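All remarks here apply to the structure that follows.
In my numbering, the protein residues as written are 102 to 289.
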């Protein structure tokens, strides 16, 4: 799985769609009068998009941290969408649509974050194994290796790091192996 750009990530694509469609809502006269609401919903939707873009291309650990920020921004956006319904800025149908966009972006980002966490754990396990092998220079078997849970199969690694699969969550729509394909199908 290789992505050349953050623009290929479904979580980014859905977050952009949410941001762009919320701009249309905040341009409505009744909504535009509430500057504070418009600023807050604008900030949260822009933050999700920007965090995903900014984290892309960094280390897995850093990118995962940026995804956590994006997830928080998406939860905040969801809260603003609920407020928009309460204030009658959105119809029930629009509210449902925006909640679906937010949930889709959240699930895709969460799936990617889980995948990155698996990669981080696999890399850490690999470093531990290599450091254990390098200390064993005398050719004799290191008896502590057989008791080391890192070397006892993949008990600490719930998924195969080379294939994110469902990242321990069957039915997770954020399945990283399908992110690029799903993004192409969602475009209008």
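Ideal Cβ positions, reconstructed from N, Cα and C, are used throughout, including at glycine. A quick note: this is a predicted structure, and the numbers were derived from the prediction, not measured.
Selected residue, minimal CA-CA separation from residue i, among the options
| i | options | result |
| --- | --- | --- |
| residue 224 | 190, 160, 125 | 160 |
| residue 196 | 183, 208, 206, 207 | 183 |
| residue 205 | 138, 194, 118, 147 | 118 |
| residue 190 | 216, 215, 213, 129 | 129 |
| residue 124 | 111, 158, 147, 113 | 147 |
| residue 201 | 176, 155, 168, 162 | 176 |
Terminal residues of the alpha helix (DSSP H) in which residue i lies
| i | result |
| --- | --- |
| residue 158 | First-last for residue 158: undefined, no H or E at that position. |
| residue 127 | 111 to 127 |
| residue 130 | 130 to 133 |
Under 8 angstroms between C-beta atoms of residue i and residue j
| i | j | result |
| --- | --- | --- |
| residue 149 | residue 106 | no |
| residue 172 | residue 210 | yes |
| residue 229 | residue 165 | no |
| residue 181 | residue 141 | yes |
| residue 170 | residue 152 | yes |
Buried/exposed call for residue i, threshold 16 Cβ in 10 Å
| i | result |
| --- | --- |
| residue 131 | exposed |
| residue 188 | exposed |
| residue 227 | exposed |
| residue 265 | Here residue 265 scores only 37 on pLDDT, less than 50, and its place in the model is too uncertain to base an answer on. |
Simplified DSSP state of residue i, which is helix, strand or coil
| i | result |
| --- | --- |
| residue 199 | helix |
| residue 189 | coil |
| residue 105 | coil |
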